[in-house]
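To start, the structure itself, in structure tokens.
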Amino acid sequence: MEHLSHKRKLSIMIAVMAAMFFAAINQTITSTAMPRIISILNGMEYYTWTINIYLLTSTIATILVGKLSDMFGRKPFILIGILLFIIGAFLTGTSTDVFQFIIYRGIQGIGAGIIQSTAFMAVGDLFPPRERSKWMGLMTAVFGFSSVIGPTLGGYLVDHMDWHWLFWIFLPLGIVAFVMILMLFPKVERKPGEKVDYLGSLFMTTTIVPLLLAFSWAGTKYDWGSVEILSLIGGAILSGIVFVFIERYAKNPILPLHLFKNGVVTVSNIIGFFMNFGLMGAMIYLSFFVQGVLGISATYAGYVTMPMSIFMVVTSALIGQRISKSGKYKRYALIGVPIMILGMGIMIIMNSVWMAVLSMCIFGIGLGMGMPVFSLATQNAVSHKELGVATASSQLFRNLGGTIGIAVMGTVMSNNLARHLKQALTSADAPDLSKLDPEVAKKMVEFANPQTLMNRPLIEATEKSLPEEARVIFVQMIDRIRDALGDTLSLVFATGTGVLCISLVLVFFLKELPLRTTNQAQDAVVAAESGSKPEPGTN
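All you need for the working numbering is the position in the sequence shown, starting with 1, plus 5.
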């Protein structure tokens, strides 16, 4: 599609960004509202699953669509992705319990994985790497813009309307995006003689799913050394060995192993894994701090996270332009990742809304500088005919890092929260519930659970319903629970900071290749620059 006129390319990009915004806004609008929604559905113990199922299904969809879209073109898949996302969003809004919610979020995740992957692949189809950087910056800005308005809008809606509308309000935008892609996106004919790697797809799925399940359940539902967890990990390893064997001999592998002989691809993917490990694992619990520890309503919680998105939007757009002009990108990762580390480091010690806002500002700058670099480096290091599968591999490692990060951080939180709660409620200066009427005391003990801290209206209503002498003790107890949650979250943020430090070390090993000015570069040239061998039969 590089040969298309600039006007046609611009029209296609508008359609692609509309689809991207539709998926992104439906994801970010729930960020501040999710704790409240899950609390309403009485499923806080399954909170991480509402996130993990989305990432799990989007991870599988991402890697499968990479190779398939290289074969059949991007258009049919981005249309399927939008349709699945619309269906998933509508059904999620009809949920009556947390289990329905999780299943329907899984359908949303499939659609999101397809949309986000094919959107970035489409940028690679339309523009060469040198020009691609500014469009990558704009695509990141689209997601960032959704992050600006999404959390605040979601918080307002959940405070003033039925939560179901969070998943329905943007459905018309999805229909518009579907029609735009259908009308504007060019169709690519299937290449003759290519067969789908069904066997490889199956074993890749049976590798990823049990691996993610193991990390999701370990330390929470089952002990790390339990038979269930060890069986899942063992099954994933066994399936992974079979998958590698199949891919070595497949004529058209779903994930070509020779990609990982390319040092730029491998290092970029590993960095993406650790960055999302620290980023998602820690950021997902920021709403717990803002709403649970600081006691801020869901509406105003969105304002706290808004600076991160604003700074990310501006920074990513500016850096994209700079990379396009200079052709250099590694320097921005070397600056951006340390700034991210600084921002998350502040989260460890934050104790006020202003420190939270400061950490968001700094983190947003670092994120806008560093995150777009690695997708660009990966796409630039491979031939155009493998653009889809290379982009999908990048998304795969990021999603794996995010999912495993959330699971590990969840384990860190659950293991330490019980200890901190016990210390807070049994110490010498803890509220003495024995002075109260047994029925009143029983009612208050039910609040000795951080889940209730996410439901501010319930706390306020309960406080008003208590006798005057019980209110003081109730407030004291809530404050102690908030302190316990705050101490626990500091450990979560510290873990995320440590993981981001690993990413910084790896950035130094990233080889910077000159950004190509055309998509028509020969495979042999790309292979020579990246240090890998071209495939037999290539020009």
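Beta carbons are placed, not taken as given, at the ideal position from N, Cα and C, and that holds for glycine.
**Study point:** C-alpha distance - Ile-289 paired with Phe-379, whole-angstrom precision
**Key:** 22 Å
Check your understanding: Which whole-angstrom value describes the C-beta separation of Leu-60 and Gly-114, a residue pair presumed to lie in contact below a C-beta threshold of 8 Å?
Key -> 7 Å
Point to revise | One or two residues paired with Ala-223 in a DSSP bridge | key: Tyr-227
Review point. Expressed to the nearest angstrom, what Euclidean distance is found between the alpha-carbon atoms of Phe-26 and Gly-179?
Key: 9 Å
Review point. For Val-70, which residues from the same chain have a beta carbon less than 6 Å from its beta carbon, with the 5 sequence-adjacent residues on both sides left out?
Key: Phe-82, Ile-119, Ser-122
Practice item. Using alpha carbons as the reference points, say which of Val-413, Arg-485, Ala-395 lies closest to Ala-433. Key: Arg-485
Practice item. Confirm, please, whether the CB-CB distance from Met-285 to Gly-159 is below 8 Å. Key: no
Exercise for review: Give the DSSP-derived three-state secondary structure of Ala-28 in the structure shown.
Suggested key: helix
Review point. Val-413 lies in the alpha helix (DSSP H); which residues open and close that run?
Key: 392-431
Review point. Three or more beta-carbon pairs under 8 Å between the segment 290-297 and the segment 352-372, yes or no?
Key: yes
Practice item. Check whether the Cβ atoms of Gly-2 and Ile-328 lie closer than 8 Å to each other. Key: Past the edges of the chain, shown from 6 to 544, lies residue 2, and the structure says nothing about it.
Review point. Just checking my contact of Leu-216 with Ile-238 at CB under 8 Å: how many whole Å lie between their CB atoms?
Key: 7 Å
Practice item. Could you tell me if Arg-424 is buried or exposed, where buried requires 16 or more neighbouring beta carbons within 10 angstroms of its beta carbon? Key: exposed
Review point. Mind checking Lys-72: buried by the 16 CB within 10 Å criterion, or exposed?
Key: buried
Check your understanding: With C-beta atoms as the reference, is Phe-208 less than 8 Å away from Ser-244?
Key -> yes
Exercise for review: Taking the CB atoms as reference points, tell me whether Gly-155 and Gln-384 lie closer together than 8 Å.
Suggested key: no
Review point. For Ile-43, is the classification buried or exposed, using 16 other Cβ atoms within 10 angstroms of its Cβ as the cut-off for buried?
Key: buried
Check your understanding: DSSP on Glu-517, reduced to helix/strand/coil?
Key -> coil
Check your understanding: What number of angstroms, rounded off, separates the C-alpha of Ser-16 from the C-alpha of Lys-139?
Key -> 16 Å
Practice item. Would you mind reading off the limits of the alpha helix (DSSP H) that contains Val-201? Key: Element bounds for Val-201: n/a, residue is neither H nor E.
Check your understanding: Exposed or buried, Ala-532, counting other C-beta atoms within 10 Å across all chains shown (16 or more means buried)?
Key -> The predicted position of Ala-532 is uncertain, since its pLDDT is 48 and thus under 50; a value taken from the coordinates is nonetheless stated next. Counting Cβ neighbours within 10 Å, Ala-532 comes out buried, since at least 16 surround it.
**Study point:** Exposure of Asp-228, with buried meaning 16 or more beta-carbon neighbours within 10 Å
**Key:** exposed
Point to revise | For Arg-13, the three-state DSSP class (helix, strand or coil) | key: helix
Review point. Candidates Glu-474, Thr-457, Val-413, Leu-401: which alpha carbon is nearest Pro-436's?
Key: Glu-474
Exercise for review: Within 10 angstroms of the Cβ of Tyr-254, are there 16 or more other Cβ atoms? Answer buried if so, exposed if not.
Suggested key: exposed
**Study point:** Selection from Val-249, Val-272, Gly-268, Val-269 that minimises the alpha carbon distance to Leu-262
**Key:** Val-249
Check your understanding: Since Ile-259 and Gly-205 are thought to touch, with beta carbons under 8 Å apart, how far apart are those beta carbons, to the nearest angstrom?
Key -> 4 Å
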